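Participant: Supplied in structure tokens, the structure appears directly below.
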Amino acid sequence: MKRRIGAVSVARSDYGLYTPVFDEIMARPGLELGVVAAAAHLSPRFGHTVDQIVADGYPVVEKLDFTPEDDSPAAIAQASGRATELFA
142 MKRRIGAVSV ARSDYGLYTP VFDEIMARPG LELGVVAAAA HLSPRFGHTV
192 DQIVADGYPV VEKLDFTPED DSPAAIAQAS GRATELFA
């Protein structure tokens, strides 16, 4: 039985750091990777970079959209609340 490892990526900034780890997980026969793509990855405003994750060959098992509408404190607070709901 494979061990399943889930990873959450919310933007290009963390995705680039994770790719060597993702590659190592994918290379090990006893492990199975599942990526949760969230926030900026799902926004056209930020390039809909979830497509890059898929193109790179990583399995996206869930998409969670909680990208703030703008950079205002209220929008960020709403996005944080929405993220909490989605991860609960």
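With my numbering applied, the sequence shown closes on residue 229, and no number is skipped along the way.
Positions of the beta carbon are idealized from the N, C-alpha and C atoms, including for glycine.
Source: prediction; values computed, not measured.
1) Using the three-state DSSP reduction, which class does residue 201 fall into: helix, strand or coil?
2) Look at the Cβ atom of residue 200, then the Cβ atom of residue 176, and state whether they are nearer than 8 Å.
3) What are the boundary residues of the alpha helix (DSSP H) that residue 165 is part of?
4) For a test of the three-state rule: what should DSSP assign to residue 171, helix, strand or coil?
5) Round the Cβ separation of residue 206 and residue 174 to the nearest angstrom and send it over; I've been treating them as touching at under 8 Å.
Facilitator: With the given structure in hand:
1) Here residue 201 sits in strand by DSSP.
2) yes
3) 153–168
4) coil
5) Incorrect: roughly 21 Å between the Cβ atoms, too far for contact.
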